[in-house]
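Working notes for the structure below.
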Amino acid sequence: MTDLRRARRGVMYSILQNWRLYVMLLLPVAFYIIFCYKPMIGVGIAFTKYNPVKGMWASRWVGFDNFKFVMKMPDFPVALGNTLLLNFMGLIAGFPVPIILAIMLNEVRSIKVKKLSQTLLYLPHFLSWVIIGGMVLQIFAPTTGVVNATLLKWGWIDQNVPFLTEGWPWRITYTLVGVWQSMGWGTILYLSAITGINMELFEAAKIDGANKLQQIWHVTLPGIRSTIVVLLILNVGQMMNISFDRPYIMGNTRVQNYCDVLSTFVYRAGITNSKFDRATAIGLFQSVVGLIMVGTANFVTKRLGEDGIW
Amino acid sequence: MKKTLSLIMALVMLLSMISIPAFAEEEGWITLRVEAYDRSIAGFNVEDCWQLKYAQEHFGNPNKIKLQFVAVPRWTEGDVLTTQLGGGTAPDICMTYNGGLVNEYITYEGLWKLDDLLDQYGPNIKAFLGDELLKFGQQDQDGDGVKEQWFLPARRLDVSNVGNFIRKDWLDKLEMEEPTDIASFTEYLRAAKAANLGGERTIPMQFDLYESDPLYNVVRFIDAFIDFNQVTAEDWYAYSGLHEMLPGSKEGYRWLNTLFHEGLLYENFDINDDQATDSALMNGYFGFFSMQPDQPWRTDKNYQKEMEKAVEGAWWTSVNCFKNESLGKHLHDVYAANGLSVILPKTKDSKEEVAIAAIKYIDWMCQPENMFALQNGVEGINYLAVTADGIPTQVQSADAVPDEHKMHAGDICFIANGLYYGSDEKNAAAKALAFDEKYQPELVASVADAYTDAWTQVSFSIPIQASTDYGAMVKSKQGEFLSKVVTCDPAEFDAIYDAAIQDTLNTGASEIIEEQRAAYQAGEFRGTFPGAAE
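Encoded structure:
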């Protein structure tokens, strides 16, 4: 028996040995093939003059025409810049918050208080942006919004604070509302990572005379460092992607130049007029840039001595 | 291994059994899926309504056609249809106000060509719509110089579009006459604000910025500023949809800018908040608003009635004050004769018998007695009496009709836009009868105002490709434009105005203007030019 045959038999053998595990794997693999890999064929749409009635294969091949058309539009660079800026602000303001929150929650002694505050923190994650958008209007609108109305009445300000009506204030409102919405949910991974830290390390630190802050700094944080790094890389990879509902709902015409992002741009330039080829072209562009960013972030972290994601 | 295989097989079988009933069809019957707008009227189930049952009984059963209504939210119909057509899941009969979308699918060859079908199965459709109107749905797709019929334009029975409303009770309190031009209207706004007639939150003038067409509302006021001495017919058509670029418009926007800084406008007009607008309207904060001619008195949302509840004696009345000085006319635009575009989507799986059934259904709908039933419902339930001319009166408002008889005339009987009773006079008379008696005189006056110095909206009989490519981008720029020029510092107005116009041009407006100009020169245009010598 040659080595090759033995090896082949070895693979079959291990599959047969663990067939239950492989059967369990079938569903997720099918999910990825059907919903993630098969649709990838559709990126071809970006290179055709797509006719949805005839399908991609019957549509005319036009090379990079769709990319050129879209990128020449004056709104494209604006939308691209806003996407990067809003995501960057979100990352700077939003990334550390769940870590700090998770550490704080971890130090809460009373189980009841801990559970209650966790639940309250998760809550906004389950609210649709349509609802949050309505709340934001109620709270921050000029003159009629609760904040402005109150401050005006008390005489603390004599002009509206332009939370929603000027560029930078809008960007900050957008970012902070996003942090509020997602911070609770973001703690889940960190909390489970903290739970995974060996308790003996804390005990050892205590015996060495470390106080609470020193324990956090020297035990907790290093313990969840790899989790932080992985999440950071994944977040950087998302820099080009921005959801549609959040900027669309929180934005308004007066800050159009600040709230127009790639997703809302795609909606106008591609979806509303059935130009699916152009919409696909922008989507593909985003994905390629996202891939490059993840790759770069991964490379850099590996150079810094961390594990990275592959 | 065998066990797993058999398990998988069993699962597969189970799954396929679940989907079998969907394919089962009774012998010889076909299913016809018809799009139906859903306006979320409480208690009205579009997919299982009285009109469906009536049509099934009188049309479906005799023809072995199973009718099925597919609900689509009214205000997002264009987006939903875009998705459905793109995915090949659109109903067999669809209708939309999105002409660009229809044009796209004509070029994609995604619609049934209707010429032969109409000749064979649609005599009543042809009679009801007439040759002139049918032309709206014709386009030369194969390039042989002859236009083919690609969609059915619904017949619009009442083309009035503009309703401008002012507070009668405020005028009385101010002891002012109804304004007749911009100057006296401005005076009214200032006086109303000075006297705080709507309380602390008085907003003398309200208008909306609809994202899908941001200038839709203000163009009605701004057109009064256009200097028609400087506008040629060619420019009028070339700049259709872009009136802010016509001579004189700038002064109109400067007027709005002045009003804004005097605190006479709705401050949050560009921060999309429909609910706040609605509640302000019903609470009587506004001194002026502008929508459809029948808007304040509609049976499904009666602003007048609600406002009276909040403020005693509050009263909306139509006002005719946007006088164009260069023409000496109070211009009002009216719709073209076509309403919705009715299409029969065609995919590679579409069967001709379904298209035939669709045309038969619309043909049945076009027969007067069927149309009457679909539009009016049942005597004694939807309306209580009939005039000598056969027009229903004492029409019940939606909340007074039991759920199983709730209906929507226009959405289900889509081929007619407005109630049809056989002649223009009867239709006009019937229009008022559908409203609360107390408000009928106001409605009649408002419709009459809407037809004063009327000009028909411009459209083109060939597709404007630049509109499809850049339309949405240009609209969004127009929104920005409106927001900027109304709210900006008056000292910077000129610079900001010019820059915003340039921005719109760069975004694709110049391509649109060029193509519309070419269409005008080729004679492929519809609508009227108000500056034309009479």
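Protein chains in written order, with my numbering: chain L, 54 to 363; chain Z, 380 to 913. We put the CB at the ideal spot given by N, CA and C, even for glycine.
| Query | Result |
| --- | --- |
| Bounding residues of the alpha helix (DSSP H) (the contiguous stretch that carries proline 130(L)) | 128-147 |
| Minimum Cβ-Cβ distance from tyrosine 876(Z) to chain L less than 8 Å | no |
| Neighbour-count burial assignment, phenylalanine 908(Z), 16 or more Cβ in a 10 Å radius | buried |
| Chain-order list of residues whose beta-carbon lies under 6 Å from that of glutamate 687(Z) (same chain, five-residue window excluded) | Ala693 |
| Cβ of valine 106(L) within 8 Å of any chain Z Cβ | yes |
| Residues of the region 483-500 of chain Z with Cβ closer than 8 Å to any Cβ of chain L, in chain order | Glu483, Tyr484, Tyr487, Glu488, Gly489 |
| Own chain, CB closer than 6 Å to alanine 401(Z), minus 5 neighbours either side, in chain order | Residue placement at alanine 401(Z) is flagged as unreliable, the pLDDT there being 46, under the threshold of 50; the coordinate-derived value follows with that caveat. Answer for alanine 401(Z): no residue qualifies. |
| Residues bridged to histidine 178(L) (per DSSP) | None, per the DSSP bridge assignment. |
| Given glutamine 773(Z) as reference, the closest of Ala808(Z), Leu812(Z), Leu798(Z), Tyr800(Z) once Cα atoms are compared | Leu812(Z) |
| Separation of threonine 462(Z) from alanine 403(Z), as counted between CA atoms | Caution is warranted here: a pLDDT of 47 is assigned to alanine 403(Z), below 50, making its placement in the model unreliable, and the coordinate value is therefore given only provisionally. Their Cα atoms are separated by approximately 27 Å. |
| Per-residue DSSP class, three states only, for arginine 307(L) | helix |
| Proline 672(Z) and valine 541(Z) closer than 8 Å at C-beta | yes |
| Nearest neighbour of valine 837(Z), chosen from Gly620(Z), Arg418(Z), Arg412(Z), Gln585(Z) [CA to CA] | Gly620(Z) |
| Neighbour flag for asparagine 440(Z) against chain L, beta carbons, 8 Å | no |
| Buried versus exposed call for methionine 786(Z) [16 or more other C-beta atoms within 10 Å across all chains shown] | buried |
| Proximal residues, the region 192-210 of chain L versus chain Z, C-beta separation under 8 Å | Ala194, Pro195, Thr196, Thr197 |
| Proximal residues to aspartate 519(Z) (C-beta, below 6 Å), its chain only, five neighbours per side dropped | Lys526 |
| Minimum length 4: unbroken alpha helix (DSSP H) runs contained in the region 632-717 of chain Z | 653-661, 682-689 |
| Isoleucine 437(Z) versus Asp778(Z), Leu496(Z), Leu753(Z), residue with shortest Cα-Cα distance | The sequence given here has histidine at residue 437(Z), not isoleucine. The candidate whose alpha carbon is nearest that of histidine 437(Z) is Leu753(Z). |
| Interface residues of the region 208-229 of chain L facing chain Z [CB-CB below 8 Å] | Leu217, Thr218 |
| is_contact[glutamate 859(Z), chain L] using C-beta, thresh 8 Å | yes |
| is_contact[alanine 325(L), chain Z] using C-beta, thresh 8 Å | Rather than alanine, the amino acid found at residue 325(L) in this sequence is threonine. So, interface residue. |
| In chain order, each beta strand (DSSP E) run of at least 3 residues that lies wholly inside the region 460-499 of chain Z | 473-475 |
| Beta-carbon proximity of histidine 859(Z) to asparagine 326(L), cut-off 8 Å | For clarity, residue 859(Z) is glutamate in the given sequence; the question names histidine instead. No. |
| Cβ of leucine 464(Z) within 8 Å of any chain L Cβ | yes |
| Boundaries of the beta strand (DSSP E) in which aspartate 417(Z) is found, first to last residue | 409-417 |
| CB contact below 8 Å: isoleucine 722(Z) versus chain L | no |
| DSSP bridge partner residues for lysine 445(Z) (one or two, in chain order) | Thr410(Z) |
| Partner residues on chain Z for alanine 322(L), Cβ-Cβ distance less than 8 Å | Ala851, Met852 |
| Residue span of the alpha helix (DSSP H) that contains glycine 231(L), given as start and end | 220-248 |
| DSSP state of glycine 542(Z) mapped onto helix, strand, coil | strand |
| Within the region 829-900 of chain Z, ranges of the beta strand (DSSP E) (whole runs, at least 3 residues) | 833-835 |
| Chain-ordered residues of the region 874-898 of chain Z with a beta carbon less than 7 Å from chain L | Asn885, Thr886 |
| Residues bridged to proline 724(Z) (per DSSP) | Leu490(Z) |
| Contact set between asparagine 310(L) and chain Z, taken where Cβ atoms lie within less than 9 Å | Glu859 |
| In DSSP terms, what asparagine 796(Z) is bridged to | Arg535(Z) |
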